[in-house]
Amino acid sequence: MTAVLASVRVDEVELPLVEPFQTSFGVEQNRRFLVVCVTTREGLEGWGECAAAIDPLYSSESLATARWILTERLVPLLFRLPEPTPEAFLAASARFRGNRMAKAAVELALEDLRARARRTSVARSLGARRDRVRVGVSVGIQPTVPQLVDRVGRYLEDGYGRIKLKVAPGWDARPVGAVRREYPDVELWVDANQAYPIRAVSSIRSWAERYGVAQVEQPFAERAIHAHAELARGAPFRVCLDESIVDMTSLEDALAAGAVTSLNVKVGRVGGIATGLALARRARRSRVPSWVGGMLESGIGRAHNVALASSPPFGLSSDLSASDRYYREDLIEPPFVLGPGSTLAVPRGPGIGVEVVDRVLRRHRRASRTFRP
Ligand code: OSB
Ligand code: MG
81 MTAVLASVRV DEVELPLVEP FQTSFGVEQN RRFLVVCVTT REGLEGWGEC
131 AAAIDPLYSS ESLATARWIL TERLVPLLFR LPEPTPEAFL AASARFRGNR
181 MAKAAVELAL EDLRARARRT SVARSLGARR DRVRVGVSVG IQPTVPQLVD
231 RVGRYLEDGY GRIKLKVAPG WDARPVGAVR REYPDVELWV DANQAYPIRA
281 VSSIRSWAER YGVAQVEQPF AERAIHAHAE LARGAPFRVC LDESIVDMTS
331 LEDALAAGAV TSLNVKVGRV GGIATGLALA RRARRSRVPS WVGGMLESGI
381 GRAHNVALAS SPPFGLSSDL SASDRYYRED LIEPPFVLGP GSTLAVPRGP
431 GIGVEVVDRV LRRHRRASRT FRP
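Under the working numbering, the residues of the sequence shown are numbered 81 to 453, in order.
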């Protein structure tokens, strides 16, 4: 494939969430994010989505920092590549530190473009053999415990087979216990997004054990590898790392310390699909299972995530719910719908296998810049 880029467009989009999503670091009502669209002279397209949010709460990247590095550095660099492949882009952008969500948005667009040029799907390019991926739902912090129990009940009725509860100091044993009492058999995970001080190891262990929590995700700070290892030692639940793992080095260190017994792979956090796949393969060699995490993506990012989750090294259920769990109207057609056994179908069409609906994109677009060579 000798593709020559004709344009790169960076759109800023705002989509209203069907309900607010609250984590230990804040509440989101609308998701504002960047979409990258690359086109070639032959008229092919590739789409990517940037996970960075308005405020740098989950990680240090924000929509504004991502927009800056994209428009001022990454897009110009992309036009200088002899061949716009994901590999060439990642190699050339490696000298810029961090900014992984912004880099991932470009890499995703180039992966989609390449798969479309080869008339294959992103999933197939990643070696996927499954046609459905197992998924669960991530449930935000609710105003009251009864509201949480009710919310979980409705997700279970919808068909979700695994529930991840957002927790924080003051919102843990009571809500987790209430959900466990109401649903004795449900597979329960919790995610604290770094909210606990490291002295909380024994209290987390006690309520997680008492309520049969299968997995505790990122209770401590990004750098607190030792504390996560202490929690994992002899625990009857998996300790999952999300924010702590940003590249191969951080994964190697966490594995060596025994701090990670489940790996959340988010393409934004790790700088793209290629690194995400490499991390999951590396974790599997140490018998640590992986799954794909979500950042409330629109259908564009979701389609990439589903493709990644369908690749062999991913074993646990991913945080990839149906389009209507997040947005009344998604940017893509067809939307993702929940299928039998708490699964999403892996699109088979070229690229990410879904089409971006221009009319919907334009309606929710707040800004747009087009770059040409
Ligand atoms: O830690 O997994 C997280 C959303 C925003 C920021 C961080 C996280 C999340 C989620 C959402 O849990 C999961 C999803 O997209 O379904
Ligand atoms: Mg998480």
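For each residue, glycine too, the CB sits at the ideal point set by N, CA and C.
Keep in mind the model is a prediction, meaning the values are calculated, not measured.
Query	Result
Measure the Cβ-Cβ separation of Ala-83 and Thr-119 and say whether it is below 7 Å.	no
Could you have a look at Gln-227 and say whether DSSP puts it in helix, strand or coil?	helix
Residues in the same chain with beta-carbon distance under 6 Å from Leu-188, minus the five sequence neighbours each way, listed in chain order, please.	Gly-128, His-384
Measuring CB to CB, does Glu-141 end up less than 7 Å from Arg-112?	no
Does the ligand MG have a heavy atom nearer than 6 Å to the CB of Asp-238?	no
Counting only runs of 4+ residues fully inside the stretch 83-132, write out the alpha helix (DSSP H) ranges in chain order.	none
Report yes or no: do the stretch 378-396 and the stretch 200-209 share at least 3 C-beta pairs separated by less than 8 Å?	yes
According to DSSP, simplified to helix, strand and coil, what is Asp-263?	Before going further, note that residue 263 is Tyr rather than Asp in the sequence given. Coil, per DSSP.
Using DSSP bridges, identify the partner residues of Glu-435.	Glu-413
Identify which residue in Ala-197, Thr-200, Asp-238, Arg-254 has its Cα closest to the Cα of Ile-221.	Arg-254
Which of the three DSSP states, helix, strand or coil, is assigned to Asp-271?	strand
Given the structure, does Glu-297 come close to the ligand MG, in the sense that its CB is under 6 Å from one of the ligand's heavy atoms?	yes
Does DSSP put Ser-286 in a helix, in a strand, or in coil?	helix
Nearest-angstrom Cα distance between Arg-313 and Leu-376?	32 Å
For Tyr-263, which option in Gly-292, Arg-361, Leu-170 has the closest C-alpha, if you only look at C-alpha atoms?	Gly-292
Cβ atoms of Ala-447 and Glu-92: under 7 Å apart, would you say?	yes
Starting from Trp-148, trace the alpha helix (DSSP H) in both directions and tell me its first and last residue.	143-149
Please classify Phe-176 as buried or exposed, where buried requires at least 16 other C-beta atoms within 10 Å of its C-beta.	exposed
Within the stretch 348-430, note down every full alpha helix (DSSP H) run reaching 4 residues or more, in order along the chain.	353-365, 379-389, 403-406
Under 7 Å, do Ala-307 and Phe-300 count as touching if we go by C-beta distance?	yes
Measure from the alpha carbon of Pro-458 to the alpha carbon of each residue in Leu-245, Ser-139, Ala-182, Leu-311, then state which is nearest.	This structure does not reach residue 458, given that the chain is present from 81 up to 453, and the question cannot be answered.
CA-CA distance, Ala-133 and Trp-287?	31 Å
Under DSSP, the beta strand (DSSP E) around Val-319 begins and ends at which residues?	318-321
Would you tell me roughly how many angstroms separate the C-alpha atoms of Val-440 and Thr-224, rounded to the nearest one?	35 Å
Relative to the ligand MG, is the shortest distance from any of its heavy atoms to the C-beta of Asp-252 smaller than 6 Å?	no
Taking all protein chains shown into account, decide if Glu-297 is buried (16 or more other Cβ within 10 angstroms of its Cβ) or exposed.	buried
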